[in-house]
Structure formats: C-alpha cells, structure tokens
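Engineer:
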Amino acid sequence: MNATDTALGCMDLLWAAVRAGDEHTAIDVVLDAYARGLDAESLLLDVIAAVQRRVGVEWAANQLTVAEEHAATAINERAIAALTRTLPRREPHRGRITVACVDGEWHALPARLLAEVFRLRGFRVDYLGAQVPTPHLITHLHRTGPDAAALSGSIATRLPVAHATVTACQAAGVPVLVGGSAFGPDGRYARLLGADLWAPDARTAADLLAARPLPRPRDGHQPIDDLPHLGDQEYTMVSRTAKLLVKAVYTGLEELLPVMRDYTEAQRRHTAEDLAHIVDFLATALYTDDRDMFTGFTSWTAGVLWARGVPAGFLVPALDLLTAELRDFPRATGLLAAARAELLRVPDSRSPDSPTPDSRTPRRRPHDPGTTT
Amino acid sequence: MAIDEVKGPGTGARAIVENSGSVVQQSGVGDDTGWSNAPFPALAADPDGAVLGLNDAARRLFPRAAVGGRLEVGCPPWLARAHQDFPGRPGGSTGSARGAVARRSFEAHPVGDDRGAVVWWLVEDTDARLAREELRVERERAALLGRMSSALSTSLHPERCMEVTARLAADHLADAAVVIAPGRSGEHPLTHCVRGGAPTNSVKAFDPYDVPGLGEALQGFPPVPSRWIDPSSAPGWLVPSDFGLGEVTSVVVTPLPGHGVPAGALVLLRGTGRPGFDEEEERFARLFAARAGAAISAARMFAQQGAITDALMRDLLPPVLHQIGGVEYAGRYRASVDTERIGGDFYDVHPATGADEEGGEALAVLGDVCGKGLEAAVLTGKVRTTLHALLPLANDHQRVLGLLNDALLTSRNSRFVTLVLASVRRVGAHVRVRLTSGGHLPPLVLRANGEVREVATSGTLVGVLPEITSTTADVTLAPGETCLLYTDGITEALGGPMGGEMFGEQRLRDALVDCAGMPADAIVEHVHMLASHWVGAGDHDDIAVLAITAPRGSHLTAVDGHGPGRYTA
C-alpha cells in the first residue's frame, strides 16, 4: 500500500473513532499509522486535518451540532498531542515563529497543526493558540523577537481584528504570515490587509518560510493606507451600532411579518442571531469594501435556511429595513441593494458559486468549523 | 561649482558704454549714475567678448580682468559663456547666469543695448546658497534621524534593537558597524553588520578594556566622548568577517547612552578609499547613538520587567489541566482586562496526596475573589496558597472553609471570596465528587442522557463573617458524565444579538444539554465560546469554568464493577 492509500485508510479509521467520540481508539489509530511508517507531517495534514475538514463538511450538511464539532475537535487535539509526544525531539535549526489565532477565533486546530508542521521542519515555534488578545500577542513578540508571526483565521467577520493584529505585529518589527479561510480562497484579504505572506495551507507555509525568511517590515506604514475607504466612517458607524440595528430590524420585521409574533423563544433567538450575523457581515464588507463578500453571505444564508427547512422570507424585508436605517450611508446601501438583487434573482438563493461554509458564519452557530490547515 | 545655469530673458534696460570703460550716458539718466561705486560688481563687454569697462567692485572681484582684454581672461568661464549665449545673438540663449568666483557664488544679470554690448551686473548669493545647502543637508539628516528613530522604536526586544542599530549605522554612517552589549562574566552579545548586508548576532568572550575606549563606553557612566582608535589595534572579532572593503582605515568607538541602564557601545568602521569621519558626521553619529541607546535601554528594561512579571505571574496563572487519577479535568479562563492575563477568578486541581494514591481524593477548587484586575489576582494567589497548605484537611470541607475564612479575616485585605470545593475520587468506572459551596454559584451536573441538575450545596461567602456555614453534597458521575463549576462571568455576561441581555443560567443549561457525553475539554471550550460570543466586543467580567468528567471509553468501562452512578444529594 502506498502512502496515499495508507493516509486515506487511516483517515477513515480516525473519522470513525472521532465520530464515535472514542478518544482512545483515535489515538491508537494515529500512533499505529506512525509506527507503520506513515510520516508525521502526512499524519497531521493528510489524516488529522482531513478528518477535521470532514467535520466541517458534515457540520455544513447539518450532520453535526456545534457541540459535537467541539467534541470531535477535542479528540483530534488529543490525537495530535499523543503523536507529538512520540516524535523524537530535535533541536530547531531554522528561525523562530510565533503561531497564534486571530483574537476571537475559536478554531485553534489549524493553527496547532501549522505549529506542529513548522516544528517538524526545524523551526523554533511558540504556539499561543486561540483566544489570544492582541496585547498578549504583541507583548510576546517583544519578549521573544521571532522572525515571523503566523496568524490563523477562519471567521471572515474577524478580518478587521485580523487587520489590527497584522499591523500591530508589523509595527513591532515582525513580518506576518496569514492563512485560513477568513482570508479568502485566493488570499485576497491577506493582500488587502497588508500581510507579508499568505499561504493556502500548512505545507505551503512551511515551504515558503523554509525557502526564504520574510524581510522585516518597512517602517512608516499606516494602516489607513491599506484601506482608504475607511475614511468615510461607515464601518465605524455600522459596527458601533450593530446591536441597535439588529433590534430595529427585528422590531420592524415583527410589524411586517405577523407570523413572527407566534415564534417560539428559540425561533426568536435564531432570527436575532441571523440578523446579528448579517449586520456583522455588512460591517466586514464595509471594512474590506467588498461587495461580493456581503452578497455571497446573504445568498449563502438563504441557502442554509432553505436547506434546513427554515423560511428565508424574512431576508429581503430585513435588507430593506437595514437600507432604511442606513439611508445616509452610500456604501452600505450599495452593498444592501446588490445583496437584495441577488436574492431576488435566485429564487431559492442557492447559486452554485455561493461561498463555502468554511468562510461564512452559519445559522445557529456563531462560528464555523475551521477547515483550512 | 555646478551652478552655471542661464535663465530668463534679458531685461529691456539700456546702457551705452564708452571705450574708456566708464559709463558716459544712460538712456534718460545723467552722467552721475553711480556706476563706479555701485555696491554690485558690474562689467560691460562688446558682442565679440572684449571687456568694455568694469566698475570698482568688479575690479576687486576680477583683479586680472582689464579693459580691452578678453572676457575669458580674468573672468570665470561661465560668465564668458553666458555673454556669448546672450539673446539676440545667433544661437544665443536667454539672460541671467549663475556661477562661482573663487569660493563665492554670484548671479549675473545682463542688460544689453541695441548695438550688442552688454552690461553684466553681478549679485552675490554665496550666503543664500550656503544656507540653502545647509538647509538641504539638515533636512536630509532630520528626515534620516526621523526614519532611524521610528525604525529603532519598533521592537522592544534587545537583540532586535541591536540589529536595527547595527543596520542603520552601517547603511548611513559607516561601511560597517558593530553593536556591543554590556556582558555578563566576560561574555558580550555582539551584532555585526556591513553596509547593505543583514545583521548577524554572536556572543564573544573578550576584555572590553583591550579596545581603547570600549570598556569605558560599556560602563554607561560617566559619559565619555567618541574615541578614535588605531585600526591596527582593533582585535579580529571587531571586524565583520564579510567586511569586503579592504583594510579598515578608520575606527571610532561611540558609547550608546542608556538611561540608568548601560546600553552598550557602537563601533563604526570605514575601509580603504573612504574618507575618515568629519566633525559633522561625528556629531550626527552621536545624535544617532543617543537615540539607539535610548531604544536599546528601553528594550532591556522591558525585557527585565517582562522576566519579573513572568516569574511573579507563573503561580497566578490558571494551571494546565489534564487527566489526574483516572478523572478528566479541563478549565478555561479569560481575564476581564485584555492586557492582563490574570484576574479575580481561579481554579486549581490538587492530585490526591500521600500513600493512598489509588483510593485518594483529589481536590478541585474554583472560586471568585471580589473585584477584578491585578489586585484581585494577588488575592487569588493567597487563597490558592492557603488552600494548598490546608490540603491535609481536605476531607473536611467545612473545616477548610472555616480556616480560610479566619485567614482572610485576619489579613489586611478587605476583599472576600466565593468558591466551590470538590473532592474527587475514582471508584471503578465512576467518579464520586463531594462538593461544598462557600457562597458560590452551585455547580451543575450533566448526565449522560442530557439531563442537567444543580448540585444542592450552599454556604456563606468566605472572608466576611466570623462564622460561616455550608452544606456538602455528594454526586456520582457515570462514564461520560460531567460536573461543571463556573463563575458568574459566564451567567452574568451581558450582550446577545441585541445587546443588554444577560447570558443567564438557562442558556448555560440549554448549552450543556447538547454536550452530553462529551470530553471535559470540549465542554469547557463550548461553554466558554458561547459566553464569549454572547458578550461580543463588549466588556466582560473574569470568566472561569472547570469541568470534572468521568472518562468514557472502552477500556475504562471494562473495569466497571458497579451500577450506574446516581445523583445522591
């Protein structure tokens, strides 16, 4: 059996164990495969990461709950820990890299896998994980003086935070590598936010950094230079009043759609959460000045609602109410009009080029499974 | 002198010049024109370039020029050329010209007449030119210093700061630069950089007093001036290995003035074919050294403070939890203040002590000191240390809480604490937990079937009243079941999609229903995430959550000799 077949077979076994919540079998599968000669990087990226990607796919197909996804991720984490404990210790011979998630990110696994791959390639790695407030990260950079910081992000609405983090790292003299589905399948948001490097996956990231260290960032760079459109303050206004906007739209919807008055508590909560995500995405699209981002999100939301048998009829009126609230903001109303037109163009709103779930925030879940490693 | 330009059309004024060399008549003006003693040098020449006349100032400026002679003789070539090119001649260009006379510089303004003769009036602009030149150099230096300052202020990492210093010095001040840090026990960190290259770091053992001026510079105090040293006396380690500019011809050692902290010394090197350092360059190097010294000493102080903080913080940070004595533990923590990693919430798990490891009880604690921030964190440290000392009494929760209460009452601190003690023992595949609340939120138990129940323990908060009371409850966890301890940072989290709403206990219970049978880590991660998302970008209190879980898994249930655990309290 060749390495690819081994990895595939191993992946199926690991998936079964993870799905059953069987941590011990999961660890045994990984350690057995390593003992039988599957190399560690392949185990991390072609087996564990592949299982994690499948977790994302199953979740998107409504086969997994968020809680189950957390359980699957926890077991994958244990499998990684068990594997790395058995690996021979080697002295790092390459540069030092700090690996962290964008603050507010809950998917630590892609960053963890990246950190382990860097270690395997001989880098000296400081892995900070998820839930790292930017001030901690920057203090850490000053304390350790790494050659690069690697930031992982899977949630598109965290891009403004990612931008603040990228520029803060660069201001501390540390070049930044970014990756993860938040930055777009082609890395377009990585370029937009002025990251020094974007990599589509962990292997490429390690290859690129091993081939050539990143130059130290130039000084005198101002974050507003990257995004001059922020000068109109629309992003600031929308993000600052997000909760008020959600409330106004929700109240407006209740008047427009009598059926909502009979909603259960859970239905009300889900609707409010959906509206909050729409406002979040609108703010993020204003930040990135990217019309496709918002249109893609609303179409995708409509598709998910449709797939789950939830009436998506409130989407167009919601966009109309938002348009009325934001009538003085030309960029925002432009984004809303484009999204509305797209929703009306595709009746069930599932256009084939809808964004994939891994870069969007889904219904009922304030986050999405990280699938990029 | 490069200034030799010709510009502007000639003026329309007229002058008539006589062969004698003095002005006899000007159009509309009498004889007494002030030509001879005009404050500006003036000379007249005919179309062929023969000098027709000079006034007194011109004679002083061009002592070798004579009436009747050629302009080229005694006058600078730029003036002769401008005369030749004067408008109105075939191929001639336009009017004024500028150029040097000895070390001075002049603008020459022509006044022509209709017969082709021209009077050149010369206006000295030496001072203005020098001022402009000085201004340009100063501007460049200020801009360079500005760029250098911002480059120096980027990193607070001492080694990175030394790299930036060496690179800037090599690129702008010399052919190569070496930054030497004050060392310990004779070993000094060094950063070498040659112009255009990348800095390299090393640590070398040497006696700084072997290099004249270096020992004193590294002391940091008293201030010493820059010092020239004989290049032949420079030791081998001083010269970068990739110094590709032949012999080192000049070396200057400059102290990097730190502020109370020795910052090190900067050595500048120049190679063959390059002039030594002039006075201005030395002055500029001192300005640069002052900035670099300030940056390096700030970085060194930051590093020292960071090391102190880390050492003090180590015991205040929440512990990393894992499986202990066949029981899964997992915790999550987030301080309310993003810049601090610690706050008023805490948790700990102390493994069973003594010889009876097998049947021993571990003690898990989760608590909340009133208040937040560093002061609350310091008190969590005291509480945790006190509890650690009370471990031998851990089988008697009431007594532990009473002693802790006494300790807090007698301390100068007026803060109080609420906490839950959990004595945890693995029995077969089950886990028995004895829980006592000291004024804290009651723990929740999550059963395998998704049922969520509150543990019936309650008690007085600790550190306020002289006497406290509490009730203890026993819980048995079957494999896959969890007991969850949490602080009010979770339930009182304010936010939600429309803002201003509390997360509340019901949402927590609802969330736990989905977590039935999950590993401890996944449960705390899930709860922490829901609360954080609820809060969003808003302010939050310290958040702590601790899960005690009876492990699920085939070879653990295999040793099970008992029936399913029941809720007994």
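These protein sequence lines are chains A and B, in that order.
Throughout, the working numbering is defined as the position within the first sequence, counted from one, plus 26.
Throughout, the working numbering is defined as the position within the second sequence, counted from one, plus 153.
By construction, the Cβ of each residue, glycine as well, lies at the ideal position given by its N, Cα and C atoms.
(1) Is residue 413 of chain B near residue 334 of chain B, with beta carbons less than 7 Å apart?
(2) Compare the beta carbon distance of residue 126 of chain A and residue 158 of chain A with 7 Å and say whether it is the shorter of the two.
(3) What residue range does the alpha helix (DSSP H) around residue 390 of chain B cover?
(4) Hey, would you say residue 41 of chain A sits closer than 7 Å to residue 77 of chain A, going by beta carbons?
(5) Give me the chain A residues within the contact set of residue 308 of chain B, using Cβ-Cβ distance strictly less than 7 Å, ordered along the chain.
(6) Please state the DSSP three-state secondary structure of residue 546 of chain B.
(7) Report the neighbours of residue 248 of chain A on chain B: residues whose CB is nearer than 9 Å to its CB, in chain order.
(8) With DSSP run on the structure shown, which of helix, strand or coil describes residue 611 of chain B?
(9) What's the C-alpha gap between residue 607 of chain B and residue 593 of chain B?
(10) Tell me whether residue 269 of chain A sits in a helix, a strand or coil according to DSSP, three-state version.
(11) Whole angstroms are fine: how far does the CA of residue 307 of chain A sit from the CA of residue 300 of chain A?
(12) Taking the alpha carbon of residue 566 of chain B as the point to measure from, which residue in B/522, B/538, B/591 has its own alpha carbon closest?
(13) Whose C-alpha, out of A/316, A/313, A/372, is nearest the C-alpha of residue 342 of chain A?
(14) What in chain B is Cβ-close to residue 301 of chain A, meaning under 9 Å?
(15) Can you confirm whether residue 343 of chain A, when its beta carbon is compared against all beta carbons of chain B, has any partner nearer than 7 Å?
(16) Looking at the strands, I want to know which residues DSSP matches up with residue 342 of chain B.
(17) Whole angstroms are fine: how far does the CA of residue 227 of chain A sit from the CA of residue 221 of chain A?
(18) In whole angstroms, give me the CA-to-CA distance for residue 179 of chain B and residue 427 of chain B.
(19) Can you list the beta strand (DSSP E) stretches of 3 or more residues lying completely in the stretch 78-158 of chain A, in chain order?
(20) Starting from residue 503 of chain B, trace the alpha helix (DSSP H) both ways and give me its first and last residue.
(21) Count the other CB atoms within 10 Å of the CB of residue 53 of chain A; is the residue buried (16 or more) or exposed (fewer)?
(22) Taking contact to mean 3 or more Cβ pairs, one atom from each stretch, closer than 8 Å, check whether the stretch 224-241 of chain A and the stretch 190-204 of chain A are in contact.
(23) Tell me whether the beta-carbon of residue 387 of chain B lies closer than 7 Å to the beta-carbon of residue 406 of chain B.
(24) Less than 7 Å separating the beta-carbons of residue 572 of chain B and residue 591 of chain B?
(25) Within the present structure, is the beta-carbon of residue 299 of chain B separated from the nearest heavy atom of the ligand FMN by less than 6 Å?
(26) If we define contact as Cβ-Cβ less than 7 Å, is residue 281 of chain A a contact residue for chain B?
(27) I'd like to check one pair, residue 230 of chain B with residue 723 of chain B: are the Cβ atoms closer than 7 Å?
(28) For the putative contact between residue 568 of chain B and residue 616 of chain B, defined by C-beta atoms under 8 Å, what is the C-beta separation to the nearest angstrom?
(29) For residue 376 of chain B, count neighbouring C-beta atoms within 10 Å of its own C-beta (all shown protein chains included) and say buried if the count is 16 or more, exposed if not.
(30) Check whether the stretch 91-102 of chain A touches the stretch 116-125 of chain A, counting contact only when three or more Cβ pairs, one atom from each stretch, lie closer than 8 Å.
(31) With distances taken between CB atoms, is the gap from residue 179 of chain A to residue 148 of chain A smaller than 7 Å?
(32) Would you say residue 93 of chain A faces chain B, with C-beta separation under 7 Å as the test?
(33) Here's a check: name, in chain order, each residue in its chain whose Cβ is nearer than 6 Å to the Cβ of residue 222 of chain B, leaving out the five neighbours to either side.
(34) Roughly how many whole angstroms lie between the Cα atoms of residue 218 of chain A and residue 346 of chain A?
(35) Who are the neighbours of residue 312 of chain B on chain A, taking C-beta pairs under 9 Å?
(36) Could you tell me whether any Cβ in chain B is nearer than 7 Å to the Cβ of residue 96 of chain A?
Structural biologist: In short, the structure shows the following:
(1) Your numbering for residue 413 of chain B matches position 260 in the second sequence. Your numbering for residue 334 of chain B matches position 181 in the second sequence. No, the Cβ-Cβ distance between residue 413 of chain B and residue 334 of chain B is not below 7 Å.
(2) The count along the first sequence starts at 1 and reaches residue 126 of chain A at position 100. The count along the first sequence starts at 1 and reaches residue 158 of chain A at position 132. In this structure, residue 126 of chain A lies near residue 158 of chain A, with their beta-carbon atoms less than 7 Å apart.
(3) The sequence position of residue 390 of chain B within the second sequence is 237, counting from 1. First-last for residue 390 of chain B: undefined, no H or E at that position.
(4) To locate residue 41 of chain A, count along the first sequence from 1; it is residue 15. To locate residue 77 of chain A, count along the first sequence from 1; it is residue 51. Yes, they are a contact pair.
(5) Counting from 1 along the second sequence, the entry for residue 308 of chain B is found at position 155. 168, 171, 198, 199, listed in chain order.
(6) As a first step, residue 546 of chain B is located in the second sequence; it is residue number 393 there, counting from the start. Helix at residue 546 of chain B.
(7) As a working note, residue 248 of chain A is residue 222 in the first sequence. The premise fails here: residue 248 of chain A is roughly 11 Å from chain B at the closest Cβ pair, so nothing lies under 9 Å.
(8) For the purposes of this step, residue 611 of chain B is taken as residue 458 along the second sequence, with counting starting at 1. Residue 611 of chain B falls in the coil class under three-state DSSP.
(9) The residue given as residue 607 of chain B occupies position 454 in the second sequence. The residue given as residue 593 of chain B occupies position 440 in the second sequence. Spanning the two alpha carbons is a distance of roughly 12 Å.
(10) Here residue 269 of chain A corresponds to residue number 243 of the first sequence, with the count starting at 1. In the structure shown, residue 269 of chain A sits in a helix (DSSP, three-state: H, G or I).
(11) Your numbering for residue 300 of chain A matches position 274 in the first sequence. Your numbering for residue 307 of chain A matches position 281 in the first sequence. Cα to Cα, the separation comes out at about 11 Å.
(12) Against the second sequence, residue 566 of chain B aligns to sequence position 413. Ranking B/522, B/538, B/591 by Cα distance to residue 566 of chain B puts B/522 first.
(13) Looking up residue 342 of chain A in the first sequence gives position 316. For the residues A/316, A/313, A/372, the minimum Cα distance to residue 342 of chain A belongs to A/372.
(14) As a working mapping, residue 301 of chain A is identified with position 275 in the first sequence. Neighbours of residue 301 of chain A on chain B, chain order: 650, 651.
(15) Here residue 343 of chain A refers to the residue found at position 317 of the first sequence. For residue 343 of chain A, the nearest beta carbon of chain B is not closer than 7 Å to its own beta carbon.
(16) Translated into the one-based positions of the second sequence, residue 342 of chain B becomes position 189. According to DSSP, which records beta bridges pairwise, residue 342 of chain B is partnered with B/356.
(17) Counted from its first residue, the first sequence places residue 221 of chain A at position 195. Counted from its first residue, the first sequence places residue 227 of chain A at position 201. Each residue's Cα considered, the two are about 16 Å apart.
(18) Locating residue 179 of chain B in the second sequence gives position 26, counting from the first residue. Locating residue 427 of chain B in the second sequence gives position 274, counting from the first residue. In this prediction, residue 179 of chain B scores a pLDDT of 41, lower than 50, which makes its location untrustworthy; no coordinate-derived value is stated.
(19) 122-127, 150-155
(20) As a working note, residue 503 of chain B is residue 350 in the second sequence. Premise fails: residue 503 of chain B lies in the beta strand (DSSP E), 498-503, not in any alpha helix (DSSP H).
(21) Within the first sequence, the letter at position 27 stands for residue 53 of chain A. With 16 or more Cβ atoms within 10 Å of its Cβ, residue 53 of chain A is classed as buried.
(22) Proximity of the stretch 224-241 of chain A to the stretch 190-204 of chain A meets the contact definition, three or more beta-carbon pairs being nearer than 8 Å.
(23) Numbered from 1 along the second sequence, position 234 holds the residue referred to as residue 387 of chain B. Numbered from 1 along the second sequence, position 253 holds the residue referred to as residue 406 of chain B. Taking 7 Å as the Cβ cut-off, residue 387 of chain B and residue 406 of chain B do not qualify as a contacting pair.
(24) As a working note, residue 572 of chain B is residue 419 in the second sequence. As a working note, residue 591 of chain B is residue 438 in the second sequence. Less than 7 Å separates the beta-carbon of residue 572 of chain B from that of residue 591 of chain B.
(25) No copy of the ligand FMN occurs in the structure displayed, which carries no ligand at all.
(26) As a first step, residue 281 of chain A must be located in the first sequence, where it is residue number 255. No, its Cβ sits nowhere closer than 7 Å to a Cβ of chain B.
(27) Residue coverage of chain B in this structure runs from 154 to 722, which leaves residue 723 of chain B outside it and unanswerable.
(28) To locate residue 568 of chain B, count along the second sequence from 1; it is residue 415. To locate residue 616 of chain B, count along the second sequence from 1; it is residue 463. Residue 568 of chain B to residue 616 of chain B, Cβ: 7 Å. Contact.
(29) Counting from one through the second sequence, the residue named residue 376 of chain B turns up at place 223. Label assigned to residue 376 of chain B: exposed.
(30) Note that the stretch 91-102 of chain A does not touch the stretch 116-125 of chain A; fewer than 3 beta-carbon pairs, one per stretch, sit closer than 8 Å.
(31) Taking the first sequence and counting its residues from 1, one reaches residue 179 of chain A at position 153. Taking the first sequence and counting its residues from 1, one reaches residue 148 of chain A at position 122. No. Outside cutoff.
(32) Taking the first sequence and counting its residues from 1, the one referred to as residue 93 of chain A is at position 67. Yes, its Cβ sits closer than 7 Å to a Cβ of chain B.
(33) Locating residue 222 of chain B in the second sequence gives position 69, where the first residue counts as 1. Excluding positions up to five away in sequence, the list reads 204.
(34) Locating residue 218 of chain A in the first sequence gives position 192, counting from the first residue. Locating residue 346 of chain A in the first sequence gives position 320, counting from the first residue. C-alpha of residue 218 of chain A to C-alpha of residue 346 of chain A: approximately 29 Å in a straight line.
(35) Here residue 312 of chain B corresponds to residue number 159 of the second sequence, with the count starting at 1. Going along chain A in sequence order, the residues near residue 312 of chain B (Cβ under 9 Å) are 171.
(36) Numbered from 1 along the first sequence, position 70 holds the residue referred to as residue 96 of chain A. By this cut-off, residue 96 of chain A is an interface position.
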